[in-house]
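First up is the structure itself, then whatever we jot down about it.
Numbering (the working numbering), first residue to last: 7 to 1047.
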C-alpha cells in the first residue's frame, strides 16, 4: 500500500490491481511460468483422509446446505489454527475417491490425530481415519495434462440461494482418469488488514475520479438610499463626600474631633438638544449569467463498485476466514481436461454483477511439476497470485464441500435422530459403544442389567447381520459375572454356539447336546414325564398344546389326542383327580420327592408307543366312526406320532429316560437341533423344553412358595428361530364350526414365556423375520436389539416397539453388520450400538463334543436297546414275556441256562430281522427295559411301588444267572404282587390262554390247549404247564357246555 501511495494513483493502476484478470490474454502455454516448479514440495506435506460416506439426519431437507455448513465449521477451525485445507477428487476405473487434506508449513509439528478428531467431530457418519499409504504423488502419477480454474462462486442471485453441484462435475468424468484438487491457504489477519486499507484507499481515489461538475457566472448593479437621525437629552447630578484619618500624618483641611477629617458637597444640571439629517440615494441594477456541466468517469465508477464488493467480502472474511484458493486438476488426456474444466466452469459461472468471470487455463504438465500450483507472479499488493481465487470461508465451503449426492465409491446416507445416552448405564452387561451417526463413541456405552434380561429380550435381524454374535456376547457377560447365570440355547439351525467352547469363559462350563444325532451327544426326554410338584392334568394340557402347535390337527383330532393322553396315564395307574401315582406317596399318604430319586420311577410314565397304541385302540373301539372316515382319522394321528418315534427322534422322545431338569438348568447348555430337519419336529422339541422349564420353575414360584428365596434372574433361555413354534397365526376361530388348535397353542406358549419373568427365568427370542413370529412375543419383551432388517412390513411391526416412526425404520435397512438399534425400559428413542465381538471362536468337531459329553450322557438304557426294540417288535417282546413267565414259574434250582437261552433266541430273531449280531450286554439291557415296561402297565402291573433296586437286580439275574439273585428277585415280586410269583404268573397265563382259545372253541383238544399254554414259556416246567392246561380245559369246557 505504501508503494502505491508513493507512486501516486491513476485509473490504469487501479484497473491493473483490482481486475488483473480482465484483459489477461496470455496463452495457456504461459501457465507454466505462473505455477510452482514442483507441486510435491507443497502438497506433499498434506495428510489425506478418505471420505467414503457421510450420514445426515433424515429430517434434513437441504443436503447441500447441511454439508456447506459443516464444511464451514471445518474451515473456521482450520483458519484459526492456520491450517491449509484441500478437497481432492480422484476418478479411476468408474469410481471416485474423495479425500480431505490438511497441512501446515512445518510437517514435523503436525499430528494427524488432530485432523482426524476434527473431521470425525464435524462430519457425521463412518469414522474417518488417516490413510498413511496415500499421498498426492500417487494420486497424480501418469496424468500428463492439467489445468487451473479461477473464479468466485456466487452465493445468491436475487432472492434465490446458489449452490455448486460437485456431483455434475464428477458425473461428466465417468470412465475417465483424473484428479481434481481445491486447495486453500488461510490469509493471516495482518495481511488482510493491509489489503483492506489498500482497498479503502483505492475506493476513495476511484470515488474522486468517478464524477465532478464545472460552472461559470457573470453580473453588475446600482443602489440609492436616504437616512435621517435626531437626538434629545437632559442630566442632573448631586453629591456629598466625608473623609477621616488616624495616624501620623497631618491632614489637609479642617480638623475634626482632634484626629483629622474632610467634608465636601456638589450639585449640577445639564440640558442638551442635537439634530442630524442626511439623505443618500442608491440605484441597484443586477444582471447575471451562469453555465455548469457534470463530468463522469465510467471506468472509475465500476472500479469503485468492484472495490466496494471486495471490501464487503474481505470484511466478512475477518469474521469467518479468507483464503487464497487454487482449483487445479490433472487428467489422462486433453479432452478430459476440457470436459473437467468446462463442467467446473459451468457450475461456477452464475449470474452476478459484482464477481469477476471464471477463467480456465489448460496445458500439458511437465513431469517434474506433477500439477499446476500457482505461485506469486505479480507485484499486485491485493492479488499476488494471478491464478488463485481469493474467497471467503462461505464461498470456499460452497466450492469445495464434499458432494451432496451419492456417487460410485462415495455415499450420502440418511438416518433418524437417535438417542445417544443409555437410560440406565449401570447394567452388568456392556453391549458396546453407542454410535453417533453410525460412528461408535468409545466413551459412551450401552448396557443391560440382569433385571432387563429377566424381563425378556427380543433380538432380530437378517442372516449375517450379527444376531448370534450379540447373543454370544450376552452369554459370555452373564457367565463371567461375579454371580454367573446359567443359560440354555435352543439352536434350530447351524451349529455356531458350540464354538463358545473356544473361549476360556466357557471352558468346562458348557454342555452340548446334538438333538436328533444319537452318535455324538444325544439327550432323551420322555414328553410324558411329570416332574415333582406338577399336576398331571396341567402337563396333559401342555402336551395337547405342543401337539396342536407342532402338527396340523384338524376336525376331531385334537380332542381324540387329548382323550388318549388321559387314558395312557390312567393305564399307568395315575390318579388324575388327586394328581398322584401310588409310587410317589409315602406310607402316610403324603406326596414325596424321595420316590423321584429311584431309577424305577421313570417307568411309571407313559411313552409315545403307549399313545400310539391308545389312539389306535380308541379310534377303533371307542368311537363310532366307521369305514374310510375312521381309517383316515386314525391314520392321520398315528402317522404324526410315528414321525416322532422313528430313528434318532424315536430314541430321544420314545423313551423312559428323562434328563434331570435341575442338572440341565444349573449348568449352561446348548441344544443343537440342526439334525431335526422337519420344522414340526423342532417345534415339538422347543415346545416341550418350554413346558418343562416352566413346570420346573413353578415349584419355586415365590407367589405360592413362601420358602423360596430365589429372586431376580436365575436362568437365561435363548430360543433361536422361534417362529417354528411361535408362528404368527390367528388365535381366533376361523368359523363357528371349526376350532383353531394351532392358534390356541401358540397363544398358550406366548403366555408361558410372558409368565416366566416372575419365576426368575429370562428369555431371549432370536428371529430373522419378525413378521413370522407371534406379535405377542415382541410385545412381551422388554428389551429390543434390532439388527439389519430390509423388509418394509418387518420394519413397520418394529416401529412402535422402538419408539420411532415408520419412515425412520427405513434406517434398519442400512445398519452395518454388528450394529443394532437397542431400546429398553426408560428410553424415549433407541440408540445405535456397535455390539462387542469379544467371544473367541474356532471350529469344534463332533469328536470333540463326543469326548467332552461322554460323562454326561447317563441313561436308563443304551441307545442300541431302544433300537433293538424297534427292530424286534412284537416277536422280541413275546420272547421276553416267555422268559419272564419261565423265570417266575421255575424253581431256583432249575433256572440255570434260562438267560443263555433267552440271549440265543434274541440273537436268532435279530438275524431274521436283518440285524447284525450284538453284544450280550445289549440284549440284556433290552430285556430289562422290556420287563420294566411289562411290569409298569397291563396285567403284570399292580398299584404298588416297584421293589427297590428291581432294575439292578434284574440285570444281575440275567447276567449272573445264579441261585441267590433269583431268590432275591422272587422275594421282591412276592411283595410287589402280594402273592407267590409262580401262582401270579400261572393265573395270568391261564386267563390269556382262555382269552385266545375262547374265540374259536371248535376242535378244542388237550393237545391244542397244551400248545397254547407252552407258548407263554421259554423254558417249561411240566408240572406247572400241565396244571394250567387242565384249568384251561376245565373252564373252556364249562363255557362250551
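Note that beta-carbon positions come from the ideal geometry of N, C-alpha and C, so glycine has one too.
Asked                                                                                                                        : Found
Within 8 Å, strictly: CB atoms of residue 508 and residue 847                                                                : yes
Inter-residue Cα distance where the pair is residue 310 and residue 302                                                      : 13 Å
Beta-carbon spacing of residue 110, residue 127 below 8 Å                                                                    : no
Residue from 853, 613, 782, 441 with nearest C-alpha to residue 828                                                          : 441
Stretch pair the stretch 96-106 + the stretch 181-192: three plus CB contacts closer than 8 Å                                : yes
Where residue 953 falls: helix, strand or coil (DSSP)                                                                        : coil
CA-to-CA distance, residue 464 to residue 707, given in whole angstroms                                                      : 24 Å
Distance between beta carbons of residue 24 and residue 382, contact taken as under 8 Å                                      : Contact doesn't hold; Cβ gap of about 18 Å is too wide.
Contained beta strand (DSSP E) runs [length at least 3] in the stretch 301-380, N- to C-terminal order                       : 328-337, 365-370
Between the CA atoms of residue 955 and residue 529 - distance to the nearest angstrom                                       : 24 Å
Own chain residues within Cβ distance below 6 Å of residue 333, not counting five before or after                            : 155, 188
Beta strand (DSSP E) segment containing residue 151, residue limits                                                          : 151-156
Inter-stretch contact at 8 Å, needing at least 3 Cβ pairs: the stretch 427-437 / the stretch 447-463                         : yes
Nearest residue (CA-CA) to residue 399, options 818, 133, 78                                                                 : 78
Reduced DSSP secondary structure (H/G/I, E/B, other) of residue 206                                                          : helix
Spatially closest choice to residue 469 from 559, 727, 343, 732, by CA coordinates                                           : 727
Distance between residue 157 and residue 339 (C-alpha atoms, nearest Å)                                                      : 24 Å
8 Å Cβ cutoff met for residue 831 and residue 788                                                                            : yes
Bounding residues of the beta strand (DSSP E) (the contiguous stretch that carries residue 969)                              : Where residue 969 is concerned, there is no enclosing beta strand (DSSP E), although the alpha helix (DSSP H) it sits in stretches over 969-983.
Own chain, CB closer than 7 Å to residue 169, minus 5 neighbours either side, in chain order                                 : 70, 404
Proximity below 8 Å, CB of residue 972 to CB of residue 901                                                                  : yes
Secondary structure of residue 709, DSSP reduced to three states                                                             : coil
N-terminal and C-terminal residue of the alpha helix (DSSP H) that residue 120 is part of                                    : 118-128
C-beta contact flag for residue 151 and residue 337 at 8 Å                                                                   : yes
Residues of its chain near residue 781, where Cβ-Cβ distance is below 8 Å and the 5 sequence neighbours each way are ignored : 734, 803
For residue 633, the three-state DSSP class (helix, strand or coil)                                                          : helix
Where residue 743 falls: helix, strand or coil (DSSP)                                                                        : Only weak support is given to the placement of residue 743: the predicted model assigns it a pLDDT of 46, under 50, and the question is left unresolved by the model.
Where residue 565 falls, given that 16 or more other Cβ within 10 Å makes a residue buried                                   : exposed
Complete alpha helix (DSSP H) runs within the stretch 508-557 (minimum length 4 residues, chain order)                       : 542-556
Proximity to residue 1039 [Cα-Cα], best of 1027, 1007, 144, 898                                                              : 1007
Helix, strand or coil at residue 269 [DSSP, three-state]                                                                     : Note that residue 269 has pLDDT 46, beneath the 50 cutoff, so the model's placement of it is unreliable and the number below is only indicative. The answer is strand: DSSP assigns residue 269 an E or B state.
Start-to-end residues for the beta strand (DSSP E) that takes in residue 452                                                 : 445-454
C-alpha distance - residue 1042 paired with residue 754, whole-angstrom precision                                            : 55 Å
Proximity of residue 55 and residue 122 at Cβ, strictly below 8 Å                                                            : yes
Proximity to residue 915 [Cα-Cα], best of 927, 519, 210, 879                                                                 : 879
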